[in-house]
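**Student:**
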């Protein structure tokens, strides 16, 4: 069954959606003659070589592809280079080496004017500490990016009121940032970045400065917005729970390198390194692992119910334990492709590492 | 074993420095003892004086004769807004000549007082309104209205000029680090250490004895804080806001004007406050080159030794200074707090009720003043004067305490001032250059040593050595006494909240007063001379010593104090072993400021008859001898820079040691 699991994992990685944003061997090195150093080595250098040259490698040899409509999370501890990487993607930081492709076009080669145009209409960004302008009220803050584009007051305020409605800030239009709570301020930040209808949405630790309860509320809010808007989201966080709650896929960074990219389930089931395993250890597995990963071939016993292959174990664990019978895992056309036993679910919930049935 | 090894390793440098200093002092002593055979090393030989002053004079003459078209047109252009402001506030508009002359009245004093009250109320509530309005009313009641309005008119034209210039220079320096490092920072340092008098001389030469030249001198003198505030404000804008402006697709210009500068507004407002206060200070001093106004009244009264009148004009300056300071501080404070939300757009007068009301009152009272003379100028019968009172008070004091004061004065001169002066003036110039250079080398390195030695040598080779040392001696003593008073007061303030509450308003007020004001009461008691200069300087320079000491002690992290308590330190031990050492860099910063302020004040004390570089500038000013004045001014600035750099290097070293 391991083979089958691996196969499903690889198929899950394949996606028909077009690639929106890609990094190709992106490097950001700090120090003297960094560009020369990396060009000389043809874009390849080990961590030791970088250190020996007296450079600091903030981002090293990052390759990743982000598909349209995907929530792609970059996760790492502070100093892992995740913020620098996302700033390389929007060219707030100029990468030392490599390519950043926006819909296949190299972002690093376009003119300043084209870059401004791109940022004005197709990219949006939300910041950890909100970055609201203290001298403008909510309405003016949200309308600000539109004003920069030269829209007249009536048009931009009408649009700003739309997004204010969207993020639930109606009635606060004339408040100033300092009069709002952290959560409300971040709603303003979100509204402001959405006002321009961007295609790619960068969120740089947007909820890290908020209290845990507010954070959870904002995460739900983000999911709600995403079901309506279908943006391509690049989301940065240092909180693994937040990552698995929101992510389609997660890239884990350490010391400027991406050490694994995968769905939350892939990271939990198949951690590439001990470092990733360490992160995933305390994760509530039933919320991450799907029926597909836990199923075994049907052995003919009676089924107490059916579940979809993508269903998280937590969504049916109570039912299956109560039923006391295996559930059939059925594909879209209703064909059973395997079954999940109550015992497997109980073991998973209890955290018992078990050789998987059939292995 | 390793401990002893490392200890003995670190010992030689200290011992070596001690040995070096002993040798150096011995060498200087030898030079001093051999002063008969080596007099060139003690007193700089007159034959070798480099005539920098003559060169500067020649240069200024050349500029004057070749660029008079430029200076004249500048005078003409700047004269227009200045005349308007002077007419509006103080002088009345005169249209036409002779018999057909029609006079449009100046703003009525009633209206201005009301406007001041409203401005105060808008910025900080009715209390501030009452204070600001009261200050203006005081000026009116004590018959200083016209002079005060002349001063205010000059400030109101000079300040916007400073703000705009400072903003652009600050932006330029922020954009171009090389410009900041090579041009702006050194220029700012020099501008803030050159004594105020020295600015006046080239202005007098180029623009003549007129309000315009006073305004230009004021504008130049008061710009540096705006430049610094702009640089600081821009560099302090959070990087996320910077990133946001990029991501919103701002062009470079949009980013600067719509995002960065508005975000930096609180810091910029602090700069504006400083600009206003410096402008006031300078406008008072610039009365020597035709500014007129309150400063001129003080100057005239001091020259005629009319103590009462001087005191009255001085108090009017104080009132104006307090009003302007509190008002601009309240506005800055409001900016820092940010605005509060308002309902959607409303009509102009409902959004700005105070402004509309102020304009209305000004218009109505000014119109009324056409018909009712009491609105044009306060009726003589209503004005008060305290001049006789002050005179009587001084007379009484001199009658009853003359012997005591005189004894104190003579004792001070004989026992303190004269010996120190003799020592300073007899000290070999070569030895001073050498020792200061050595100190610079020990504290920072070859570059500082070269700078310090070169600047010190400048004072000698231009033939100003004796006067330089006269300045150093008076400034040194005053700064020393100021620290002797200020640091203990600061320490006490740091240990008792109640005492701090008493001290804070006093030092706030002392800091606001223009330097001129300190001289007046002291002259009343001690007449002219070095003692007067010293006492006025101590009063002026004591503020930073108190403020920084208090701040330094209070800034020691509470966790460290708790740690000390937990380790069983007594209060005394905590104070001496933990708080004081940690606060030392901050205290040294205060001492540094005290020295620089003392230097600035000593120069102004030339008015009360000192015999130092300040007097040199003062004489040059009265003779319009630009070379002499500028060179002396530079010498003063160099004393300040040498002291500042050495102190800074020392403080930096202490800070580095504390981590």
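Residue numbers (the working numbering), protein chains in the order written: chain A, -15 to 343; chain B, 3 to 661.
Glycine included, each C-beta is placed from N, C-alpha and C at the ideal position.
All figures in this text were calculated on a predicted structure; none of them were measured in a lab.
Where does residue 139(A) land, buried or exposed, given buried means 16+ other C-beta within 10 angstroms?
**Tutor:** By the 10 Å Cβ count, residue 139(A) comes out exposed.
**Student:** Please state the DSSP three-state secondary structure of residue 382(B).
**Tutor:** Three-state DSSP puts residue 382(B) in a helix.
**Student:** So, for residue 207(B): in the same chain, excluding its five sequence neighbours on each side, which residues have a beta-carbon less than 8 Å away from its beta-carbon?
**Tutor:** For residue 207(B), where only same-chain residues beyond five positions count, the Cβ hits under 8 Å are 62, 66, 626 and 628.
**Student:** Give me the residue from 74(A), 253(A), 235(A) and 309(A) with the minimum Cα distance to residue 93(A).
**Tutor:** Here the closest residue by C-alpha is 74(A).
**Student:** Please report the residue range of the beta strand (DSSP E) in which residue 270(B) lies.
**Tutor:** Not the beta strand (DSSP E): residue 270(B) falls in the alpha helix (DSSP H), residues 267 to 287.
**Student:** So, does the segment 306 to 318 of chain B touch the segment 494 to 514 of chain B, judging by three or more C-beta pairs under 8 Å?
**Tutor:** With the cut-off at 8 Å, the segment 306 to 318 of chain B and the segment 494 to 514 of chain B do not touch.
**Student:** So with Cβ pairs under 8 Å, would you call residue 286(B) a contact of chain A?
**Tutor:** Chain A contact via Cβ: absent.
**Student:** Please determine, among 38(A), 100(A) and 250(A), the residue with the shortest C-alpha to C-alpha distance to residue 247(B).
**Tutor:** Here the closest residue by C-alpha is 100(A).
**Student:** Using CA coordinates, which residue listed in 119(A), 195(A) and 192(A) is at the minimum distance from residue 163(A)?
**Tutor:** Nearest of 119(A), 195(A) and 192(A) to residue 163(A), Cα basis: 119(A).
**Student:** Which first and last residues belong to the alpha helix (DSSP H) in which residue 519(B) is found?
**Tutor:** Counting along the chain, the alpha helix (DSSP H) containing residue 519(B) begins and ends at 518 to 528.
**Student:** For residue -7(A), does the three-state DSSP call read helix, strand or coil?
**Tutor:** Note on residue -7(A): pLDDT 43, under 50, position unreliable in the model; the coordinate value appears next. Looking at residue -7(A) - three-state DSSP - the assignment turns out to be helix.
**Student:** Could you check whether the segment 286 to 302 of chain B touches the segment 151 to 165 of chain B, counting it as contact only if at least three pairs of C-beta atoms, one from each stretch, sit closer than 8 Å?
**Tutor:** The segment 286 to 302 of chain B is in contact with the segment 151 to 165 of chain B.
**Student:** Look at residue 417(B) and residue 330(B) and say whether their C-beta atoms are less than 8 Å apart.
**Tutor:** Contact flag unset, no.
**Student:** For a minimum of 3 consecutive residues, which ranges assigned as the beta strand (DSSP E) are wholly contained in the segment 140 to 196 of chain A?
**Tutor:** For the segment 140 to 196 of chain A, whole beta strand (DSSP E) runs of length 3 or above, ordered along the chain, are 184 to 188.
**Student:** Which bits of chain A does residue 252(B) rub up against, with CB to CB less than 7 Å?
**Tutor:** Within chain A, the residues near residue 252(B) are 132.
**Student:** Is residue 272(A) helix, strand or coil by DSSP?
**Tutor:** In the structure shown, residue 272(A) sits in coil (DSSP, three-state: anything other than H, G, I, E or B).
**Student:** Could you work out which residues of chain A lie near residue 265(B), taking near to mean beta carbons separated by less than 8 Å?
**Tutor:** Per Cβ cutoff of 8 Å: 117, 118 and 119.
**Student:** Could you check if residue 19(A) is buried or exposed, using at least 16 other CB atoms within 10 Å of its CB as the buried criterion?
**Tutor:** Flag for residue 19(A) reads exposed.
**Student:** Below 8 Å between beta carbons: does that hold for residue 609(B) and residue 652(B)?
**Tutor:** Cβ distance not < 8 Å, so residue 609(B) and residue 652(B) don't count as in contact.
**Student:** Quick one: using the 10 Å Cβ neighbour count with 16 as the cut-off for buried, is residue 498(B) buried or exposed?
**Tutor:** Counting Cβ neighbours within 10 Å, residue 498(B) comes out exposed, since fewer than 16 surround it.
**Student:** How many angstroms separate the CA atom of residue 343(A) from the CA atom of residue 246(A)?
**Tutor:** The predicted model places residue 343(A) with a pLDDT of 35, which falls under 50 and marks its position as unreliable; any figure quoted below should be read in that light. The straight-line gap from Cα to Cα measures roughly 24 Å.
**Student:** Between the alpha carbons of residue 313(B) and residue 520(B), how many angstroms are there, rounded?
**Tutor:** Taking the straight line joining both Cα atoms gives about 10 Å.
**Student:** Counting only beta-carbon separations shorter than 8 Å, does residue 243(B) have a partner in chain A?
**Tutor:** It does; some Cβ of chain A falls within 8 Å.
**Student:** On the DSSP letters alone, give me the boundaries of the alpha helix (DSSP H) that residue 89(B) sits inside.
**Tutor:** Looking at the DSSP string, residue 89(B) is not in any alpha helix (DSSP H), and its letter there is neither H nor E.
**Student:** Would you grab the beta carbon distance between residue 436(B) and residue 26(B) for me? Rounded to a whole angstrom, and I think it's under 8 Å.
**Tutor:** Going by Cβ atoms, the distance from residue 436(B) to residue 26(B) rounds to 7 Å, so yes, they are a contact pair.
**Student:** CB-CB under 8 Å to residue 196(B), same chain, minus the five flanking residues each way: which ones, in chain order?
**Tutor:** Only 635, 636, 638 and 639 meet the Cβ criterion.
**Student:** What residues from chain B crowd round residue 107(A), counting only those whose CB sits closer than 7 Å?
**Tutor:** The contacting residues are 249.
**Student:** Listing by chain order, which chain A residues have their CB less than 8 Å from the CB of residue 240(B)?
**Tutor:** Ordered by position in chain A, the residues that pass the 8 Å Cβ test against residue 240(B) are 113 and 115.
**Student:** Note down, in chain order, each residue of its chain lying with its Cβ closer than 7 Å to the Cβ of residue 138(B), except the 5 sequence neighbours on either side.
**Tutor:** These residues qualify, in order along the chain: 114, 115, 118 and 325.
**Student:** Can you grab the Cα-Cα spacing for the pair residue 430(B) / residue 269(B), in whole Å?
**Tutor:** One C-alpha to the other measures close to 46 Å.
**Student:** Are the segment 55 to 65 of chain A and the segment 232 to 244 of chain A touching, with three or more C-beta to C-beta distances below 8 Å?
**Tutor:** Flag = yes, the segment 55 to 65 of chain A and the segment 232 to 244 of chain A touch.
**Student:** Which residue or residues does DSSP assign as beta-bridge partners of residue 48(A)?
**Tutor:** Answer by DSSP bridge pairing, in chain order: 7(A).
**Student:** Apart from the five residues on each side of it in sequence, which residues of its chain come closer than 8 Å, Cβ to Cβ, to residue 126(A)?
**Tutor:** Same-chain partners within the cutoff: 144, 147, 148, 172, 175, 176 and 179.
**Student:** Using beta carbons (cut-off 8 Å, strictly below), is residue 3(A) in contact with chain B?
**Tutor:** Taking Cβ atoms only, chain B never reaches closer than 8 Å to residue 3(A), which makes this a no.
**Student:** Within 8 Å (strictly less), CB to CB, does residue 104(A) reach chain B?
**Tutor:** Chain B, which has a Cβ nearer than 8 Å to the Cβ of residue 104(A), makes this yes.
**Student:** Is residue 617(B) close to chain A? Criterion is C-beta to C-beta, closer than 8 Å.
**Tutor:** So no, residue 617(B) is outside the interface.
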